[in-house]
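Below is one structure; the comments refer to it alone.
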Amino acid sequence: LQSSTMTYDNVIQPGDNPDLTKERKSASFNLWKMQCFVHEGEEVVRRRKEILEFVQKTREFDDPIPAEFLSREEIVDRGARKAKAMTDNADAIDGSDFFGEGLYYQSLVIGRELHSMSLHYGMFLPTIQGQTDDDQMDEWMGPTIGRAFLGTYAQTELGHGSNLTKLETTATYDPKTEEFVLHTPTLTATKWWPGGLGKSANVAVVMAQLFTNGVNKGPHPFFVPLRDPDTHMPLKGVTLGDIGPKFGINSNDNGFLIFDHYRIPRRNMFMRFSKVLPDGTYVAPHHAKLGFGTMVFVRSIMIKDQATQLGAAAVIAIRYSAVRRQGEINEGAGEVQVIDYRTQQFRLLPQLARAFAFLFAAYEIKTMYLMVTEQIGDGNMDVLAEMHAVSSGLKSVVSWETAQGIEQLRLACGGHGYSRASAFPDIYTYAVGGCTYEGENIVMLLQVARFLMKCAKEVRIGNPKLANIGEYIARNDSGKARIRSWKQVTDEDIIHDFEAVARRMIFASYDRLKSCENAMTKKEAWNKCSIDLCKTARMHVKLYLVKVFLRRVSTCEDAACKKVMHTLATLYAFDLISGASGYFMKGGFMSEQQSELVQSDLYEILEVLRPESVALADSWDMSDLELRSVLGRRDGNVYPALLEWAKKSQLNRTEVLPTFEKYLGPMMKEGRSHL
């Protein structure tokens, strides 16, 4: 595995399914080099293999019974046990690299059920890092990293989620005691959903409306102890508990929280950007959007996680489609691999392309976050709003298309895809939550649209202040689509056409919005135009995804890997054009002949990529431990493994269930007596 010339000859093992072996040998590129490209370098891939080896040999992480066969109490118990063991052994990874090694390590140890410490590391720790002043950092960071307390992030309420400005929990400053009084004034102000809040966390970042000197200064974050550190009992004035079973991720004790005039010290308000002085004077942040940085970081992690889930689903479906034989294309020639059917390729390969597009976008957003964080430190806020807009849009588009893609890939696996042995039910219920948490998707798209409408206004008045991502809005296009045969079209042609369509949609939405504003209030006009505004925001995000995919591929140094990955990027772009042909053909921008060419080329690309499919799936470097799927096994020996998995069912622990003695046996005996 250390060799930079590693090919499939090094990793194919005796006893592997022959169809899968044949597919792997048909690849035109070097597996190791493609894995290094996908995961941003040789060192990352080597570290993945080292971390995998460590997890596999650490007995504390063993699971004799699959999670599918455990009760909720058992899953919660196992999650807490493994979370402790995982963090006990945190020296196995680079603790500063949660985006890379941290997420990967967690996926190997915990899987998709998550655990009671997920928000401690995913939201609580980033808030400590991004929202504290120096003294608060000194006081809270050490215990956070050392697990001296366990934190969560309490923002969403029973009655309000995405509409942050209308949260009802209050934090009223009392200058006499220099304390904030936290209170839940209504039932709908109850905090609802925070992970780990129900039974595990003993502190939380709580978002509450800040009142000082009788004035509401809007939602602010507070560091709030919830439980006694020794007994773990709720503190006086705090009521909390678990909200019950959910659609998925049931090892996480999502909770509710109610305050009854609960007091915390003044310095428990996060004070990096805004402050309340001892006398109650409010000091506003220098820039209203400074808190966006933490949100962008969390979204970069989320986008990568979503990409990985779609990637896992694609790996499973592609491998299984290579193993599964069903039906004949030519009568008498024998049953063919399911992946030979063009309809199956059309189900699989565009989803694989999406997964790569989303992964590369996650890399880009992380890099942008680090760059902007440095600029903020120097007082430069120019890119902050644009970065927040694109991360909001990516969160919405990526999570929605990931959920759709996973379901499409499940369907591609037929009946076996419905079994939890396939991992599809768990992948889907885990990933689909991303459509709602960290911002409801439609709300996120409308945030992007608001940014785009502001950009359109600036262009129209001749004073555009656009950063890199949005600068295309101020440009002009040739008036006609440049799309042509996939073998001849350039990256510049593709980008030109996407930019032109996105720009036209932006200004069409802007003009309609302004027209509506002449006949009604601005808020009414916004609501009336909101469907088109969402569609416009989606196109802006898809343009960004196409640009990032093509730009990332252009950096690939290996010619064979670059050729295949560029073909996949072209498939991604052509599939998007095909699905949005109405917008591309509007006003005669793209001709009917060009539209038909895109469609026929799309099918041709599927045929070209067919021999590369399994190798491209393998380039994700997903072990059986990470996949947790019988259908997606590396060796392809699906059917024996399915039978062994089924034997572990709780119902198979006894030959005769109590239901026979209680219900079914007497019923059948009575039935026989009437014969």
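According to this note's numbering, the sequence shown is numbered sequentially starting from 1.
In this text, a Cβ means the ideal position worked out from N, Cα and C, and glycines have one as well.
{"Check": "On a Cα-Cα basis, can you pick out the residue from Q309, E43 and S422 that is closest to G405?", "Outcome": "Q309"}
{"Check": "Going by DSSP in three states, S586 sits in which element: helix, strand or coil?", "Outcome": "First, the amino acid is wrong: residue 586 is Lys here, not Ser. Of the three classes helix, strand and coil, the one that applies to K586 here is helix, per DSSP."}
{"Check": "Counting pairs of Cβ atoms below 8 Å between the segment 316-328 and the segment 436-445, do you hit three or more?", "Outcome": "no"}
{"Check": "Report the three-state DSSP secondary structure of P265 (helix, strand or coil).", "Outcome": "strand"}
{"Check": "Determine which residues share a DSSP beta bridge with L239 and list them.", "Outcome": "Looking at the sequence itself, residue 239 is Thr, so the reference to Leu does not match. For T239, which the question treats as bridged, DSSP gives the partners I258."}
{"Check": "In chain order, what residues of the same chain have a beta carbon less than 6 Å from the beta carbon of F709, not counting five sequence neighbours either side?", "Outcome": "Because the chain in this structure spans residues 1 to 675, residue 709 falls outside the shown range and cannot be described."}
{"Check": "For K166, does the three-state DSSP call read helix, strand or coil?", "Outcome": "helix"}
{"Check": "Going by Cα to Cα distance, which pick from N254, G248, H232 and T231 is closest to D242?", "Outcome": "N254"}
{"Check": "What whole-angstrom Cβ distance do H566 and V553 have, given they're in contact under 8 Å?", "Outcome": "5 Å"}
{"Check": "Once the 5 residues before and after V38 are set aside, which same chain residues still bring their CB inside 6 Å of it?", "Outcome": "S619"}
{"Check": "Under 8 Å by Cβ, that's how I've got H232 and N252 pegged, so tell me the actual separation to the nearest angstrom.", "Outcome": "With a Cβ gap of about 18 Å, H232 and N252 do not count as contacting."}
{"Check": "Which of the three DSSP states, helix, strand or coil, is assigned to D601?", "Outcome": "helix"}
{"Check": "Quickly, what does DSSP pair Q337 with across the bridge? List them, please.", "Outcome": "R325"}
{"Check": "For the alpha helix (DSSP H) holding G214, just list the boundary residues, first then last.", "Outcome": "G214 -> no alpha helix (DSSP H), and no H or E assigned at all."}
{"Check": "Using 7 Å as the threshold, is the C-beta distance between D493 and R482 below it?", "Outcome": "yes"}
{"Check": "State buried or exposed for V55, treating a residue as buried only when at least 16 other CB atoms are found within 10 Å of its CB.", "Outcome": "buried"}
{"Check": "Got a sec? Which residues, its chain only, sit under 7 Å from L235 by beta carbon, not counting five neighbours each side?", "Outcome": "P225, L226, R227 and D228"}
{"Check": "Check Q2 in the structure and name its three-state DSSP category.", "Outcome": "For Q2, the pLDDT reaches just 42, beneath the cut-off of 50, and the residue's location in the model is therefore unreliable, although a value from the coordinates is still provided. Reduced to three states, the DSSP call for Q2 is coil."}
{"Check": "Enumerate in chain order the residues of its own chain whose CB-to-CB distance from Q650 is below 8 Å, with the five nearest sequence positions on each side excluded.", "Outcome": "F69"}
{"Check": "On the DSSP bridge assignment, give the partners of T152 in chain order.", "Outcome": "A204"}
{"Check": "Among R512, T343, R299 and T281, which residue has its Cα nearest to the Cα of F211?", "Outcome": "T281"}
{"Check": "Which whole-angstrom value describes the C-beta separation of F270 and T373, a residue pair presumed to lie in contact below a C-beta threshold of 8 Å?", "Outcome": "That belief does not hold up - the Cβ atoms of F270 and T373 are roughly 17 Å apart, past 8 Å."}
{"Check": "What does the alpha-carbon distance come out to for the pair L197 and T239?", "Outcome": "11 Å"}
{"Check": "With respect to the alpha helix (DSSP H) encompassing E517, which residues constitute its N-terminal and C-terminal limits?", "Outcome": "D491 to E517"}
{"Check": "Classify H77: buried if its beta carbon has 16 or more other beta carbons within 10 angstroms, exposed otherwise.", "Outcome": "The displayed chain sequence assigns Asp, not His, to residue 77. Exposed: under 16 other Cβ atoms inside 10 Å."}
{"Check": "Rounded to the nearest angstrom, how far is the Cβ of I301 from that of G122, given a contact under 8 Å?", "Outcome": "7 Å"}
{"Check": "Rank S392, E607, I75 and V215 by C-alpha distance to the C-alpha of T448 and give the top, closest one.", "Outcome": "Sequence inspection shows Val at residue 448; the Thr mentioned does not correspond to that position. The candidate whose alpha carbon is nearest that of V448 is S392."}
{"Check": "Run the CB neighbour count on V276, radius 10 Å, all protein chains shown included, and call it buried at 16 or more, exposed below.", "Outcome": "buried"}
{"Check": "Going by Cα to Cα distance, which pick from V656, D624 and A80 is closest to N637?", "Outcome": "D624"}
{"Check": "Should P666 be labelled buried (16 or more other beta-carbon atoms within 10 Å of its own) or exposed?", "Outcome": "exposed"}
{"Check": "At 4 residues or longer, and completely inside the segment 629-668: list those alpha helix (DSSP H) runs for me, N to C.", "Outcome": "638-647"}
{"Check": "Helix or strand or just coil, what does DSSP make of N17?", "Outcome": "coil"}
{"Check": "Assign T659 to one of two classes, buried (16 or more other C-beta atoms within 10 Å of its C-beta) or exposed (fewer than that).", "Outcome": "exposed"}
{"Check": "DSSP state of D477, grouped into three classes?", "Outcome": "coil"}
{"Check": "Going by CA-CA distance only, name the one from G102, N30, I12 and R450 that's closest to A559.", "Outcome": "N30"}
{"Check": "When the Cα atoms are used, what is the spatial distance from T690 to I506?", "Outcome": "Residue 690 falls outside the range modelled here, since the chain spans only 1 to 675, and no answer is possible."}
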